[in-house]
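K.L.:
My questions will all concern the structure given below.
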Amino acid sequence: MVDVILGLQWGDEGKGKIVDYFAKNYDVIARFQGGPNAGHTLYINDKKIVLHQIPSGIFHENKINLIGNGVVLDAITLKKECEAVASFGGEFKKNLFVSERTHLILPTHRAIDKASEIAKGNEKIGSTLKGIGPAYMDKTGRNGLRVGDLLSKNFKTDYTKLRIKHQRILDNYNFQEDISIGEEEFFESIEFLKELNIVNGEYFINEKISAGKKVLAEGAQGSMLDVDFGTFPFVTSSNTISAGVCSGLGIAPQKIKEVIGITKAYCTRVGSGPFPTELSDSTGEFLRNTGNEFGSTTGRPRRCGWIDLVALKFACMINGITQIVMTKADILDSLEELKVCTTYMINGEEKNYIPFQMNGLDINALYKSFSGWNTNSSDIKHFKDMPENMKIYIEFINQFLGVSIKYISNGPGREQIVSV
Ligand code: GDP
Ligand code: IMO
Ligand code: MG
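Per my numbering, the very first residue in the sequence shown carries number 1041; after that it's consecutive.
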């Protein structure tokens, strides 16, 4: 049996915290897509750690954490992450497993990412520049190198061939930086990676499922950054939605039971691209400062706005969401008035769907207003004690989406979560 936790917005919904919270109920926690563009924040003994590629179940004893074939893996980042995890008491040597089909991010992928972004001029994606797009391009272009290839005696030759191809691409971009920077560290880091538990991920996970073990698949990014269904081209390069679980881990769709969607009580986006409910005023500033909305991976300020129910309903549809966790409800505690976007006004017409191309469209978000609750909600342990106005806000969202919010997260701490 497999349950999924994924983001319903533009990433950073609090997936790391929620996966860490639920991990105790599972035997295997598995990442199925993305790479070090992700930044999943956890608090372990009140100390903060940000995970990029290691699943957020790594701090639970005797839980298997699998990096699936759908991930693109940066060995340099992974080595640093493993060291950080160890310093927090996580047992990566015993509990971390990597699929041999997982594609590798090479230093030249990062260089191509950078060169590509520079060439886009003022139409930049706002990529994290971690080499994600170029690594997935080499996967679908059938050029990439995989973790299993590290164990082959031809690895160095294959690496050199790919590096030559990459150099040609970089020459086309007229990219002048020295691409040998980072290579030495890469070769050191792959020696480290080779010592980890490298497995045939698809047999590994299916054997666990057959033996009755419970798997939690952890998404990265968010549904509106999905390469097919997000705000293309301002998206990431993988399928972030529930469908990505099957191809990113090698499991059949019938094995998936709960698909748990995470949304913030408001909305954020980091990087460029359409964001209909963005607030460029003092309320946006309030959300950024109160919510500490600065990128976990890049430190960039996140764009902030009201919750967007048109986009959320779309995300629920394409993912088959069965339950919702709402995070950061506490950030709204002191606001007098709250708004939720229920409709888009596009070219003078009301629309209730996500258009094919949102970029360049003049989308005016139409809102329903709610009174704030003006109560400190972060210490509340039971839903019955939550402020009435929060209950009204939540009930409206439930009705609109046709899926229920089952948990409210009311602080970054590990146990700050209330069952509805
Ligand atoms: P992820 O990428 O989806 O895992 O999310 P990030 O870790 O990038 O960003 C979420 C941020 O919100 C982190 O700093 C979390 O510690 C914090 N956070 C998560 N849930 C809550 C919550 O309910 N309330 C508050 N105040 N912070 C939260
Ligand atoms: P988590 O898992 C928020 C955004 C980038 C950029 C676009 C493409 O922490 O929620 P990429 O590096 O993939 O080429 O960037 O996607 N992005 C994220 N935004 N959270 C993330 O991950 C993100 N990963 C990528 O800012 O706009
Ligand atoms: Mg994040």
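Don't be surprised by glycine CBs; every beta carbon is placed ideally from N, CA and C.
A quick note: this is a predicted structure, and the numbers were derived from the prediction, not measured.
My output table needs one value for K1119: the three-state DSSP class, helix, strand or coil.
P.N.:
helix
K.L.:
If you measure from the CB of N1105, is any heavy atom of ligand 2 nearer than 7 Å?
P.N.:
no
K.L.:
For Y1407, collect the residues of the same chain with a Cβ closer than 6 Å to its Cβ; drop the 5 residues on either side in sequence, then sort them by chain order.
P.N.:
K1379, C1381
K.L.:
Taking only the alpha-carbon atoms, compute the straight-line gap between I1291 and N1240 and give it to the nearest angstrom.
P.N.:
When rounded, the distance between both Cα atoms is 13 Å.
K.L.:
Near D1218, what residues of its chain come up, given a Cβ to Cβ distance below 8 Å and the 5 sequence neighbours on each side ignored?
P.N.:
The answer is none, since no qualifying residue turns up.
K.L.:
In three-state DSSP terms, what is V1042?
P.N.:
Note: V1042 maps to strand in three-state DSSP.
K.L.:
Quick check on DSSP: helix, strand or coil for D1153?
P.N.:
Here D1153 sits in helix by DSSP.
K.L.:
CB I1079 to CB I1302, shorter than 8 Å?
P.N.:
Per the sequence presented here, residue 1079 reads as Gly, with Ile not at that position. No; because the gap between Cβ atoms is not below 8 Å, this pair is not in contact.
K.L.:
Anything with a beta carbon under 5 Å from a heavy atom of ligand 3 counts; list them all in chain order.
P.N.:
D1052, G1079, S1336
K.L.:
Between V1365 and ligand 2, is there a pair consisting of the residue's CB and a ligand heavy atom that are separated by less than 7 Å?
P.N.:
no
K.L.:
What is the rounded straight-line gap between the Cα of V1068 and the Cα of T1317?
P.N.:
Between the C-alpha atoms of V1068 and T1317 there is a straight-line separation of about 37 Å.
K.L.:
Figure out for me which residue from K1170, K1353, E1224, D1189 has the closest Cα to the Cα of V1138.
P.N.:
D1189
K.L.:
Under the DSSP definition of a beta bridge, which residues are partnered with D1348?
P.N.:
C1381
K.L.:
May I have the straight-line CA-CA distance separating Y1393 from F1436, to the nearest angstrom?
P.N.:
18 Å
K.L.:
Can the beta-carbon of F1226 be found closer than 8 Å to that of P1293?
P.N.:
no
K.L.:
Tell me the DSSP secondary structure of R1141 in three-state form.
P.N.:
coil
K.L.:
Below 8 Å between beta carbons: does that hold for E1428 and T1362?
P.N.:
no
K.L.:
Can you tell me which of K1064, K1160, E1131 puts its alpha carbon nearest to the alpha carbon of Y1213?
P.N.:
K1160
K.L.:
Which of the three DSSP states is assigned to I1386 in this structure?
P.N.:
strand
K.L.:
Per DSSP, which residues does E1318 bridge with? Please list them.
P.N.:
G1345
K.L.:
Just verifying my parser: in three-state terms, what is the DSSP assignment at K1134?
P.N.:
helix
K.L.:
With a threshold of 16 other CB atoms inside 10 Å of the CB of Y1306, please say whether the residue is buried or exposed.
P.N.:
buried
K.L.:
Under the criterion of a Cβ to heavy atom distance below 7 Å, does S1127 qualify as lining ligand 1?
P.N.:
no
K.L.:
Identify whether T1330 lies in helix, strand or coil by the three-state DSSP scheme.
P.N.:
Helix.
K.L.:
Whose CA, out of A1175, A1151, M1264, L1372, lies closest to the CA of A1396?
P.N.:
For the record, residue 1396 in the displayed sequence is Phe; it is not Ala. Between F1396 and the set A1175, A1151, M1264, L1372, the nearest pair of CA atoms involves M1264.
K.L.:
Please tell me whether, using a cut-off of 7 Å, the distance from the CB of K1087 to the nearest non-hydrogen atom of ligand 1 is below it.
P.N.:
no
K.L.:
For the candidate residues D1178, K1057, T1168, S1167, whose alpha-carbon lies nearest to that of I1089?
P.N.:
When D1178, K1057, T1168, S1167 are compared, the shortest CA-CA separation from I1089 is found for K1057.
K.L.:
Comparing the CB of I1172 with every heavy atom of ligand 2, is any distance shorter than 7 Å?
P.N.:
yes
K.L.:
Give the DSSP bridge partners of I1069, in chain order.
P.N.:
N1105, L1256
K.L.:
How long is the line joining the alpha carbons of R1208 and T1308, rounded to whole angstroms?
P.N.:
37 Å
K.L.:
By DSSP's criteria, A1405 is part of a beta bridge. Which residues make up the other side?
P.N.:
DSSP, once it has assigned bridges, lists Y1384 as partnering A1405.
K.L.:
Can you list, in chain order, the residues of its chain with a C-beta nearer than 6 Å to that of C1122? Leave out the 5 residues immediately preceding and following it.
P.N.:
F1132
K.L.:
Can you check whether the CB of I1107 is closer than 8 Å to the CB of R1071?
P.N.:
yes
K.L.:
Check for me: the beta strand (DSSP E) holding E1298 runs from which residue to which?
P.N.:
1296 to 1304
K.L.:
Could you tell me the alpha carbon to alpha carbon distance between E1360 and K1391, rounded to whole angstroms?
P.N.:
The sequence given here has Gly at residue 1360, not Glu. One C-alpha to the other measures close to 22 Å.
K.L.:
State buried or exposed for T1197, treating a residue as buried only when at least 16 other CB atoms are found within 10 Å of its CB.
P.N.:
exposed
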